[in-house]
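Asker: Chains as they are written, first to last, in our numbering: chain A, 1 to 218; chain E, 1001 to 1218.
Protein chains: 2
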Amino acid sequence: MSQSDTVHRILDAAEVLFAERGFTETSLRTITSTAGVNLAAVNYHFGSKKELIQAVFERFLTPFTDILNRELNRRGGASEPLQLDDLLQSLYRVALAGLASQGRDPKRFMRLLGLAYTQSQGHLRRFIVSRYGDSYRRFAGQLAAALPHVDPVTFYWRLYFMLGATVFSLSSFDAIEAILREDFGAESSLEETLARLAPAAVAMLTAPMPGESAGDNH
Amino acid sequence: MSQSDTVHRILDAAEVLFAERGFTETSLRTITSTAGVNLAAVNYHFGSKKELIQAVFERFLTPFTDILNRELNRRGGASEPLQLDDLLQSLYRVALAGLASQGRDPKRFMRLLGLAYTQSQGHLRRFIVSRYGDSYRRFAGQLAAALPHVDPVTFYWRLYFMLGATVFSLSSFDAIEAILREDFGAESSLEETLARLAPAAVAMLTAPMPGESAGDNH
DNA sequence: GTCTATAAGCGGATAGAC
DNA sequence: GTCTATCCGCTTATAGAC
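Below is the structure:
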């Protein structure tokens, strides 16, 4: 068994198990036995459990941000700011097709992202911010430029609303899909769900401000 | 120290620590030493760590659903279905004022709810569904009735989008608020954030369907 | 009800043989 | 690079004195 083989097996097993149970709830013993490698291999190849967690995220996030940046460059050739629809399309298309084409499950990606936010792993948050913060800020900036009439603070709150809606619903995709299938007999694909999510996100980002026309209830 | 005093001290400490770190990351030793009680007291009064977790949620959710049900009864006196704005106002007002008046921090409540979803605690999910599932379905049903033109599957996906936006942004409220304060010098209160969240949720729930008028991009 | 003491086990990590 | 064996800290939970 070559080195990279062992490394890959560990990463594959860790990715699945972390997404299913969380970081603290997944022991190195479970990971190594699932991967069919020796317990000591994790510390040999990665140094520690924390560094293994970071490696799992790096394998997801580096291709993701690379593809997203290329997509933004391609579309950003024109001088004027991108349209909202285009930006969200880029984001969701990349998250879906870009990752899927590399054999990475987009739902698992979202579950891991959600865990990165909710599980209190300070080292992981720092790792992600320092490594991918620029890409995030670039995308947020372009999104803000497409919404010039929304004040910055409201914009950022809405961005977090959108992030929450996306991460939460996609990371629980299988569970929600199962409920809806049982209650309505309707199967939902990931594509359909993103096709529902995109207009919902647009509606939220472009909602009328407190002072504006519509929504002037009773 | 009376019995109920010890029980309260344990619940108070557990609530704060769980919300800060999660369940697995919080040991009974940390809880009992923070509460200033003996380690064995948890198992004596609650039986196990799992039952303590459930007790923490029961103390939050029982008053919450009680107040919400009363509110829905009060408003539902009229024969016609409630308006969307009214329903969301009820929900957010109850979550905020209702809990705050009982000394329960709404942000902590949201963090715990988020953890209940993301941390893989099967027993907790089962406990919440069996205990509070009816209240949830009642609220969802009234919300659906206020949106007769949205097909059921789309409605439920949007409900989860809304849930995700709410839980995610409120459970990370302090962190997001700190970022915005640093970047824009603007402080955000919880009330202001809910005042931003409500119209965003309405916009998402009432967004045009794929076939409808607006949003017909290029 | 509250305490001490301890059981029994799992966790991450490493030393050292191969 | 891979393995075994082991260290040691920390976990939940309980038995039994007070």
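Where is the CB? At the ideal position from N, CA and C, for every residue including glycine.
These numbers come from a predicted model, not from an experiment.
Shorter than 8 Å from the beta carbon of E:ILE1128 to some beta carbon of chain A?
Answerer: Output row for E:ILE1128: interface = no.
Asker: Can you tell me whether A:LEU82 is helix, strand or coil according to DSSP?
Answerer: The answer is coil: DSSP assigns A:LEU82 none of H, G, I, E or B.
Asker: The alpha helix (DSSP H) that contains E:THR1154, what's its start and end?
Answerer: Where E:THR1154 is concerned, the enclosing alpha helix (DSSP H) stretches over 1152 to 1171.
Asker: Could you work out which residues of chain A lie near E:VAL1153, taking near to mean beta carbons separated by less than 8 Å?
Answerer: Simply LEU180, PHE184, ALA186 and SER188.
Asker: Give a yes or no on whether the C-beta atoms belonging to A:ARG29 and A:LEU17 are separated by under 8 Å.
Answerer: No; because the gap between Cβ atoms is not below 8 Å, this pair is not in contact.
Asker: Could you say which of A:VAL37, A:LEU113 and A:PHE109 lies nearest to A:ASP5 if we only look at CA atoms?
Answerer: Ranking the options by Cα distance to A:ASP5, first place goes to A:VAL37.
Asker: When the Cα atoms are used, what is the spatial distance from A:THR32 to A:ILE10?
Answerer: The straight-line gap from Cα to Cα measures roughly 7 Å.
Asker: Skipping 5 residues on each side, what residues in its chain have a beta carbon closer than 8 Å to that of A:VAL202?
Answerer: Same-chain partners within the cutoff: LEU84, ASP85 and LEU88.
Asker: Does the beta carbon of E:THR1034 come closer than 8 Å to any beta carbon on chain A?
Answerer: No, no contact with chain A.
Asker: Look at the alpha carbon of A:THR166 and the alpha carbon of E:TRP1157, and state the distance between them as a whole number of angstroms.
Answerer: A:THR166 and E:TRP1157: Cα-Cα distance of roughly 11 Å.
Asker: Flag A:ILE31 as yes when its Cβ comes closer than 7 Å to any non-hydrogen atom of the ligand ADP, and as no otherwise.
Answerer: No copy of the ligand ADP occurs in the structure displayed, which carries no ligand at all.
Asker: Mind the definition here: the stretch 124 to 141 of chain A touches the stretch 182 to 193 of chain A only if three or more C-beta pairs lie below 8 Å; say whether that holds.
Answerer: In short, these stretches do not touch, since the Cβ pair count stays below three.
Asker: Residue ranges of each beta strand (DSSP E) run of no fewer than 3 residues wholly in the stretch 66 to 126 of chain A, ordered along the chain?
Answerer: Taking only runs of at least 3 residues, no beta strand (DSSP E) segment lies wholly in the stretch 66 to 126 of chain A.
Asker: Looking at C-alpha atoms only, which residue of E:MET1110, E:VAL1153 and E:GLU1187 is the closest neighbour of E:GLY1164?
Answerer: Residue E:MET1110 is the option with its Cα nearest to E:GLY1164.
Asker: Give the interface partners of A:ILE53 over in chain E, defined as CB-CB distance under 9 Å, in chain order.
Answerer: Within 9 Å Cβ-Cβ: nothing; A:ILE53 doesn't reach chain E, min ~14 Å.
Asker: Is it buried or exposed for A:GLU15, if we count other Cβ within 10 angstroms and need 16 for buried?
Answerer: Burial call: buried.
Asker: Three or more C-beta pairs under 8 Å: does that hold for the stretch 104 to 118 of chain A against the stretch 60 to 70 of chain A?
Answerer: Touching, per the Cβ criterion.
Asker: How would you list, in chain order, the residues of chain A whose beta-carbon sits under 8 Å from the beta-carbon of E:LEU1115?
Answerer: Neighbours of E:LEU1115 on chain A, chain order: THR118.
Asker: Which bits of chain A does E:GLU1025 rub up against, with CB to CB less than 7 Å?
Answerer: Residues of chain A passing the Cβ test: THR24 and SER120.
Asker: Using 8 Å as the limit for Cβ to Cβ distance, is E:THR1193 near chain A?
Answerer: Cβ-Cβ to chain A under 8 Å: yes for E:THR1193.
Asker: Name, please, each residue of chain A whose Cβ falls closer than 9 Å to the Cβ of E:TYR1160.
Answerer: Per Cβ cutoff of 9 Å: ALA165, PHE168, SER169, SER172 and ILE176.
Asker: Of the residues A:PHE23, A:LYS49, A:GLY22 and A:ARG137, which one's Cα is nearest the Cα of A:THR65?
Answerer: Measuring from the Cα of A:THR65, the nearest candidate turns out to be A:ARG137.
Asker: Going by beta-carbon coordinates alone, are E:THR1024 and A:THR26 separated by less than 8 Å?
Answerer: Against a cut-off of 8 Å, the Cβ pair of A:THR26 and E:THR1024 comes out as no contact.
Asker: Tell me the rounded alpha-carbon separation between E:ARG1108 and A:ARG74.
Answerer: The straight-line gap from Cα to Cα measures roughly 43 Å.
Asker: Name the chain A residues whose beta carbon is nearer than 7 Å to that of E:ALA1203?
Answerer: Per Cβ cutoff of 7 Å: ALA203, MET204 and ALA207.
Asker: Just to confirm before moving on: does the CB-CB distance between E:LEU1096 and E:PRO1106 stay below 8 Å?
Answerer: The answer is yes: Cβ separation under 8 Å.
Asker: What does a CB cutoff of less than 7 Å around A:PHE46 pick up in its chain, not counting 5 residues either side in sequence?
Answerer: These residues qualify, in order along the chain: LEU52 and ALA55.
Asker: Pick out whichever of E:ALA1200, E:SER1188, E:HIS1123 and E:PRO1081 has its Cα sitting closest to the Cα of E:PHE1139.
Answerer: Answer by Cα proximity: E:PRO1081.
Asker: Please check the pair A:LEU159 and A:PHE173, which I expect to be a contact at CB under 8 Å, by giving their CB distance rounded to whole angstroms.
Answerer: No, A:LEU159 and A:PHE173 are not in contact; Cβ-Cβ is about 21 Å, not under 8 Å.
Asker: Specify the secondary structure class of A:GLY215 as computed by DSSP and reduced to three states.
Answerer: Confidence at A:GLY215 is low in this model, with a pLDDT of 42, below 50, so the placement of that residue should be treated as unreliable; the coordinate-derived value is given next. Residue state, collapsed to three classes: coil.
Asker: What residue range does the alpha helix (DSSP H) around A:SER33 cover?
Answerer: Run containing A:SER33: 28 to 35, per the alpha helix (DSSP H) assignment.
Asker: Using a Cβ cut-off of 8 Å (strictly closer), state whether E:TYR1156 contacts chain A.
Answerer: Chain A, which has a Cβ nearer than 8 Å to the Cβ of E:TYR1156, makes this yes.
Asker: DSSP on E:PRO1148, reduced to helix/strand/coil?
Answerer: Here E:PRO1148 sits in coil by DSSP.
Asker: Going by C-alpha to C-alpha distance, which of A:SER120, A:ALA175 and A:ILE67 sits closest to E:GLY1122?
Answerer: It is A:ALA175 whose Cα lies nearest to the Cα of E:GLY1122.
Asker: Quick one: what's got a C-beta closer than 8 Å to A:VAL94's C-beta in the same chain, skipping five residues either side?
Answerer: PHE64, ILE67, LEU68 and GLU71, listed in sequence order.
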